[in-house]
Ligand SMILES: C[S@@+](CC[C@H](N)C(=O)[O-])C[C@H]1O[C@@H](n2cnc3c(N)ncnc32)[C@H](O)[C@@H]1O
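Numbering (the numbering used here), first residue to last: 1 to 247.
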């Protein structure tokens, strides 16, 4: 079953790629938008509840702002809050993020279990990035707040890594760009490589469900088919979007 949450006037809420910490709207508005997205995920049966610790979310945000080297990012404050909240509510024991660039997307997910925003104990938090230099930057960034050394930042191609993984994955976050213009069409290959590690109740999050909907069409058709996933919802909180799917 497929669902959609569209924030009012989301087209006017544009990601500031080179100024990720700038406040785009009042905090109260951001919270209302994300609460609406979480309510849709609850209605869709994807999350059990919609509440999370907002003070911890802000502690997470401050730590990232103060410590991370982020040359650019497509993660807006709304998306950062939504990713943090989904992880804080679902509390996956094993979270795997693929295509993490400088680590901002990784920590937006892992921040629910790592650093000052931590609200639960996880077993394994893995970030995969194919470009070694960016994986190094991501590792440096994450280490500034990961005092317990929980995160594993690995310089590797996500597809063979996912094919070989033996741990069950509670939450898989997809954000890799395929080679030579193929863009987000790589998501379906990544998902298929990971299927054996997903269990009933696992979540799969795919960034860019709005701006890359065309190159992701095969992925979106797959996760929205109830023969493959129990429920799937398109979170149109900004001009990038996030597809959230429950196995
Ligand atoms: C568009 S960036 C993601 C940026 C992210 N949305 C942000 O705002 O920080 C995609 C990343 O995926 C990485 N990537 C591409 N193919 C990959 C693969 N097969 N495995 C792991 N990472 C990959 C790229 O090197 C790039 O850093």
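Backbone N, C-alpha and C fix where the C-beta goes; we use that ideal spot for every residue, glycine too.
Note that the structure is predicted; figures quoted are calculated from it, not measured.
Within 7 Å of the C-beta of residue 215 there is not a single heavy atom belonging to ligand 1.
For residue 134, the enclosing alpha helix (DSSP H) covers residues 132-143. Note on geometry: alpha-carbon atoms of residue 42 and residue 192 lie some 26 Å from one another. Here the stretch 91-102 does not lie against the stretch 35-50, with fewer than 3 beta-carbon pairs under 8 Å apart. With fewer than 16 other CB atoms across the displayed protein chains lying within 10 angstroms of its CB, residue 71 is exposed.
The three-state secondary structure of residue 47, taken from DSSP, is coil. In this structure, DSSP gives residue 153 an extended state, which the three-state scheme calls strand.
Taking C-beta separations shorter than 7 Å and ignoring five residues to either side along the sequence, the partners of residue 52 in its chain run 85, 88 and 89, following chain order. The Cβ-Cβ distance between residue 116 and residue 74 does not fall below 8 Å. Counting only runs of 3 or more residues that sit fully inside the stretch 190-242, the beta strand (DSSP E) segments are 198-207 and 231-236, in chain order. The beta-bridge partner set that DSSP reports for residue 244 consists of 205 and 233.
As the crow flies, the alpha-carbon of residue 16 is around 19 Å from that of residue 106.
If you look at residue 84, you'll find it in the alpha helix (DSSP H) that goes 77-90. Bounds of the alpha helix (DSSP H) holding residue 57 are 54-67.
Between ligand 1 and residue 105, a heavy atom-to-CB distance of less than 7 Å is present. Straight-line measurement puts the Cα of residue 14 at about 8 Å from the Cα of residue 76.
Residue environment for residue 184: buried (at least 16 other C-beta atoms within 10 angstroms of its C-beta). Annotation: residue 12 to residue 190 spans about 32 Å, alpha carbon to alpha carbon. Scanning its chain for C-beta atoms nearer than 6 Å, with the 5 sequence neighbours on each side dropped, one finds around residue 83 the residues 108 and 109, in chain order. Membership of residue 97 in the beta strand (DSSP E) is indicated by the continuous run 94-98. Here residue 172 is not near residue 218, since their CB atoms are 8 Å or more apart. Residue 169 places its beta carbon 8 Å or farther from that of residue 178.
For residue 5, the secondary structure class from DSSP, reduced to helix, strand or coil, is strand.
In this structure, 230 is the residue among 230, 210 and 175 with its C-alpha nearest to the C-alpha of residue 200. In summary, residue 45 is exposed, with fewer than 16 beta-carbon neighbours lying within 10 Å of its beta-carbon over all protein chains present. For residue 70, no alpha helix (DSSP H) encloses it, and the DSSP letter there is neither H nor E.
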